[in-house]
Amino acid sequence: MDNAIGITNLTKDFGAIRALDSLNLSVESGEIFGLIGPNGAGKTTALRIISALLLPTSGSVEVFGLDVVKKPAEVRKIISYLPEEAGAYRNLSGWEYLHFMAKFKTDSKDEIQRIVNDAAEISGLGERLKDKAKTYSKGMKRRLLVARALMTKPKLAILDEPGSGLDVLHAYHVREIIKKYVKDYGVTVLLSSHNMLEVEHLCGRVALLNKGKTVAEGKPRELKEKFASANLEEVFAKVVGLA
Amino acid sequence: MLKGFGNILVKELKELIRDPKILLGMIIVPLIMFPVLGAVMNFSMQSAQEQAQKATILVMNNDRGSYSQVFIATLNSSMRVFISNYTDPQDVVNQDELSKYNTTQLIEIPPDFSANMTQHMSGNENITALVKIYSVFSSAGVFEGIGSSMIDVFIGGFNRQLAPNIVYEEKSSIIKGQIKEGVDPGQLSALMISQAIAMPITIMILLTYSMQIAATSVAMEKEEKTLETLLTLPVDRFSILMGKLSGSIVVAGVAAIAYMIGFNYYMGSFTSTFQAGTSLDLVSLGLVPSLFGYLFLGISLFVALLSALAMAVILSAFAEDVRSAQSLVSYIYPFLFIPSFILMYVDINALPLAVKVALYAIPYSHPIIASRAVTMGDYWTAVWGIVYVSIFTLVIMYVASRLFATEKVLTAKLKFRGLRKRGKKAVQDLE
Ligand SMILES: Nc1ncnc2c1ncn2[C@@H]1O[C@H](COP(=O)(O)OP(=O)(O)O)[C@@H](O)[C@H]1O
Ligand SMILES: [Mg+2]
Chain A
153 MDNAIGITNL TKDFGAIRAL DSLNLSVESG EIFGLIGPNG AGKTTALRII
203 SALLLPTSGS VEVFGLDVVK KPAEVRKIIS YLPEEAGAYR NLSGWEYLHF
253 MAKFKTDSKD EIQRIVNDAA EISGLGERLK DKAKTYSKGM KRRLLVARAL
303 MTKPKLAILD EPGSGLDVLH AYHVREIIKK YVKDYGVTVL LSSHNMLEVE
353 HLCGRVALLN KGKTVAEGKP RELKEKFASA NLEEVFAKVV GLA
Chain B
29 MLKGFGNILV KELKELIRDP KILLGMIIVP LIMFPVLGAV MNFSMQSAQE
79 QAQKATILVM NNDRGSYSQV FIATLNSSMR VFISNYTDPQ DVVNQDELSK
129 YNTTQLIEIP PDFSANMTQH MSGNENITAL VKIYSVFSSA GVFEGIGSSM
179 IDVFIGGFNR QLAPNIVYEE KSSIIKGQIK EGVDPGQLSA LMISQAIAMP
229 ITIMILLTYS MQIAATSVAM EKEEKTLETL LTLPVDRFSI LMGKLSGSIV
279 VAGVAAIAYM IGFNYYMGSF TSTFQAGTSL DLVSLGLVPS LFGYLFLGIS
329 LFVALLSALA MAVILSAFAE DVRSAQSLVS YIYPFLFIPS FILMYVDINA
379 LPLAVKVALY AIPYSHPIIA SRAVTMGDYW TAVWGIVYVS IFTLVIMYVA
429 SRLFATEKVL TAKLKFRGLR KRGKKAVQDL E
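Going line by line, the protein sequences match chains A and B.
The first sequence runs contiguously to residue 395 in the numbering used here.
The second sequence runs contiguously to residue 459 in the numbering used here.
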C-alpha cells in the first residue's frame, strides 16, 4: 500500500498560539484514519493544512506525493473536504447545491446526474432536497454536506467531525456509508473526532493528538492492549497522564 | 483559464436574487431616497436664485441713442454691469471676454434700440425694441439656466415701468464657443438637468449597490460557513473572486436600471413643464456624447465599478457576518456621496485647487467627471481619469486576489478577534 498522506515535522503557529507542534503522521491509501483528541488539540488545523486551506509555519505535508504548499491546485483535485462547521447556500435547494458542487468535478451531464443521485442516497433527504437549504435542520444540513463530500468518490476524503450534530441513527448511517465508500470505491478517509467511541467503530488506525502533538498512534485494539484500557477514552486519559 | 467561473457566477446570481435583503434594498431605498433628493434640490435651487441676484452681466451696446443708456442704468441698479468694446457677439466669444469679467451672460443692444423705443413711446405700439441675450452653456450643473432667467425678470420689471411689451428679448446659447441662435439656455438646461443629476445619481447608486452586494456575497459565505468548502474545491481562487465580482455587477446593473426608471418618473414632473412646445435637439447641438464619448464613459464607469467592488470584497473579508461587512463597506460611502453631490451642482474647474485635487484623487468621482467631460467633447479628461482609476483598480484587484489566494481570506476574521483580545489583555495588564 502506498502513502496517502505524509506529514513531517508539521508546525503551525497562530500568532503566539502553537496549534501544531512538530506533528508527524502517515496515512496509507485505502484506510480510514482517525485523528482524535480534545477540543483545541489541533485536529481542525491539521486537516485544514492537509486540505491546502492553511499554510504550515514549518514542516511538510504531502498528499499522494503532492506537496500541499507547492501544488495546492493539484491537491484540491483529488481531495474532498468536509469542514467541522459548515453550511449550505441558504437560498439554493439541496439539489441545486449538489449540482453546483458536482459541476466542479466534471462537465458531463450524465456523470453530474449520477453523482447527484449518489449524494441523494447518502444524504437520505429524499423529497426534502427540493427545498431551500435554509429550511433544513442542523442534522439535515450535515447529511447534505457529508453526501457532498463523498459523492465524487475522491481519492482522499478529509472529514472534520463528520458525525457532529447527527443523532445516533444518522451517525450510524453515515459511518456505514463511509465504510462502504472505502471498501467499494477505494476512497481513503482521514477524519477527526472528539468522540472516541465513534472512532473506535470506524477507524482502522488512529492517532491521539494533544496540544498539537501525537501522543499515541496505532490500531484501536493495539492501543487498548498496550495501555491496558477498556476503550480509547481511557487510553487517552492514561497517555496524557490524567489517570 | 477561468474554469468554474460560469458555475460560480450562476450560483452567485441565484443566491443574490433570492435574498430578500437585497430585493428589499432595491425597492425600499428608492422610495425614501427620491423624496429626500427632491427636497434637497428645491432648497439649493432657492439658494442659487438668491445668489444670482448679485449676478454679473456684460453689455454690448451698439445703440447710440439715449434709451440704451436708460436701459443700462436700470440694469446697473440690480446687477453688476460691464460694458464691452466689441460690436459683434462672436468677437466677444472668441476673445474670451465673458470669462474675463467672470460672467456667463451677454446682452447685445442692437443699433435700432433707441429708435424703436421712441417709435413705441410715441404711440406706434407695433414696433418694439429688441435685446439679444447670449448665455454660456457649460453643462456645469443644475442651475445653468438661472442667470438668463434673472434677465427675464429684469426685462419684465423694466417694461412694467415704461410700457408693456416695449422691450422683448431673443435668447441664444453659447455652446462650446459657438453661438447657437434661438436656443433658449433655460429650456436647454431643463433638459440637461436630467443628465446633470441623473448621471451622478445613477453612478452613486450603481457603486453603492454593487459594493453592498459584493460585501454581502462574501460575508454570506462566512456567515453561513460555506467559504471553507468553496476554497477546497478544484477551482481557481481567481474564478471565485471574479464570480463574486461579476455576480455583483449584474445584480447592481439590474438595480441601477430599476432606479433609473423610478428616477425618470420623478424627473418627469420637473421637466415636462419646460419640454412642452420645445423642439430642442440635444444631439444636433452637440450636447449628447458621441459614440466615442459613450465608450469612454462606459470604460470609466466600469473601472470605477471594479475598484469599488474589489474594495468591498477586501473589507468584507475581514467581517464575520453580513451585517458587519455592510457597515465596514459603508465607511467608503462618503467618498462616493460627497463628490457626487458636489459635482451635481458645481463645475469641477470652478473649485479651489485643493478641493479639485481631492476630488480627482477619489476614484469614484471620475465617472461623473467623465460624463461631463465627454458631453462637452473633452475626451482627454476622461482618458486620464480612466488611466488613473485603472491603476488604482489594478492595485486593489491585486490585493483582493492575494487575499483570496492565501489563507488570510479564511483567518482574517480570527485575526481581527485576536487583535481585540490582545487589546483587552493589554488593558488587563495595565490594570
Ligand atoms: N485561525 C486561528 N487563529 C488563531 N488561533 C487559532 C485559529 N485556528 C485555531 N486556532 C487555535 O489553535 C488551536 C487548535 O485549534 P483546532 O485545530 O481548532 O483544534 P481542534 O479542532 O482539535 O479542536 C486552538 O488553541 C485554537 O484556539
Ligand atoms: Mg476542530
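Glycine is no exception: its CB is placed at the ideal position from the N, C-alpha and C atoms.
Model, not experiment: these values are computed from the prediction.
Please determine whether the Cβ atom of residue i lies at a distance below 7 Å from any heavy atom of ligand 1.
i: A:Ala-238; result: no
i: A:Thr-366; result: no
i: B:Thr-439; result: yes
i: A:Asn-347; result: no
i: A:Gly-211; result: no
i: A:Lys-191; result: One point to set straight first is that residue 191 of chain A is Asn, not Lys, in the sequence displayed. A:Asn-191: yes, Cβ under 7 Å from ligand 1.
i: A:Ala-168; result: no
i: A:Ala-171; result: yes
Determine which residues share a DSSP beta bridge with residue i and list them.
i: A:Asn-155; result: A:Glu-180
i: B:Gln-133; result: B:Ser-163
i: B:Asn-144; result: According to DSSP, B:Asn-144 bridges with nothing at all.
i: A:Phe-185; result: A:Leu-342, A:Arg-357
i: A:Ala-368; result: A:Leu-360
i: A:Leu-234; result: A:Leu-311
i: B:Thr-84; result: B:Arg-108
i: A:Leu-218; result: A:Val-215
i: B:Val-195; result: B:Ala-157
i: B:Ile-203; result: B:Phe-165, B:Gln-206
i: A:Arg-170; result: A:Asp-165
Taking 8 Å as the cut-off, decide whether the C-beta atoms of residue i and residue j are in contact.
i: B:Ile-194; j: B:Val-159; result: no
i: A:Ala-254; j: A:Ile-267; result: yes
i: B:Leu-190; j: B:Ala-336; result: no
i: A:His-208; j: A:Thr-163; result: One detail in the question is off: residue 208 of chain A reads as Pro in this sequence, not His. Yes. Within cutoff.
i: B:Pro-262; j: A:Phe-256; result: yes
i: A:Asn-155; j: A:Glu-180; result: yes
i: A:Asp-283; j: A:Ser-245; result: yes
i: B:Ser-429; j: B:Leu-269; result: yes
i: B:Tyr-392; j: B:Leu-364; result: yes
i: A:Ser-203; j: A:Ile-159; result: no
i: A:Ala-285; j: A:Tyr-233; result: no
i: A:Ala-168; j: A:Asn-362; result: no
i: A:Val-334; j: A:Gly-186; result: no
Would you check whether ligand 2 has a heavy atom nearer than 7 Å to the C-beta of residue i?
i: A:Asp-262; result: no
i: B:Lys-253; result: no
i: A:Thr-196; result: yes
i: A:Asp-312; result: yes
Alpha carbon to alpha carbon, what distance is there between residue j and residue i?
i: B:Leu-379; j: B:Pro-395; result: 18 Å
i: B:Met-145; j: B:Met-178; result: 22 Å
i: B:Ser-297; j: B:Met-232; result: At B:Ser-297 the pLDDT is 47, less than 50, meaning the model places this residue with poor confidence; the figure from the coordinates comes in the next sentence. Each residue's Cα considered, the two are about 22 Å apart.
i: A:Leu-277; j: A:Met-292; result: 7 Å
i: B:Gln-147; j: B:Asp-119; result: 30 Å
i: B:Ser-358; j: B:Val-350; result: 12 Å
i: A:Ile-201; j: B:Ser-418; result: 36 Å
i: B:Thr-403; j: B:Ser-328; result: 14 Å
i: B:Ser-94; j: B:Ala-143; result: 9 Å
i: B:Leu-37; j: B:Glu-251; result: 19 Å
i: B:Asp-188; j: B:Ser-163; result: Per the sequence shown, the amino acid found at residue 188 of chain B is Arg instead of Asp. Roughly 24 Å separates the two Cα atoms.
i: B:Met-88; j: B:Tyr-196; result: 16 Å
i: A:Thr-258; j: A:Asp-219; result: 24 Å
i: A:Thr-366; j: A:Leu-360; result: 6 Å
i: B:Ala-157; j: B:Thr-131; result: 24 Å
i: A:Glu-386; j: A:Ala-380; result: 9 Å
i: B:Val-211; j: B:Ser-352; result: 53 Å
i: B:Gln-303; j: B:Leu-216; result: Here B:Gln-303 scores only 42 on pLDDT, less than 50, and its place in the model is too uncertain to base an answer on.
i: B:Pro-362; j: B:Trp-412; result: 23 Å
i: B:Leu-431; j: B:Ile-424; result: 10 Å
i: A:Val-339; j: A:Lys-305; result: 6 Å
i: B:Ser-166; j: B:Ala-401; result: 10 Å
i: A:Glu-237; j: B:Gly-321; result: 51 Å
i: A:Val-227; j: A:Ala-389; result: 35 Å
i: A:Ala-240; j: B:Tyr-407; result: 48 Å
i: A:Thr-196; j: A:Gly-393; result: 23 Å
i: A:Leu-375; j: A:Pro-190; result: 17 Å
i: A:Gly-356; j: A:Pro-314; result: 16 Å
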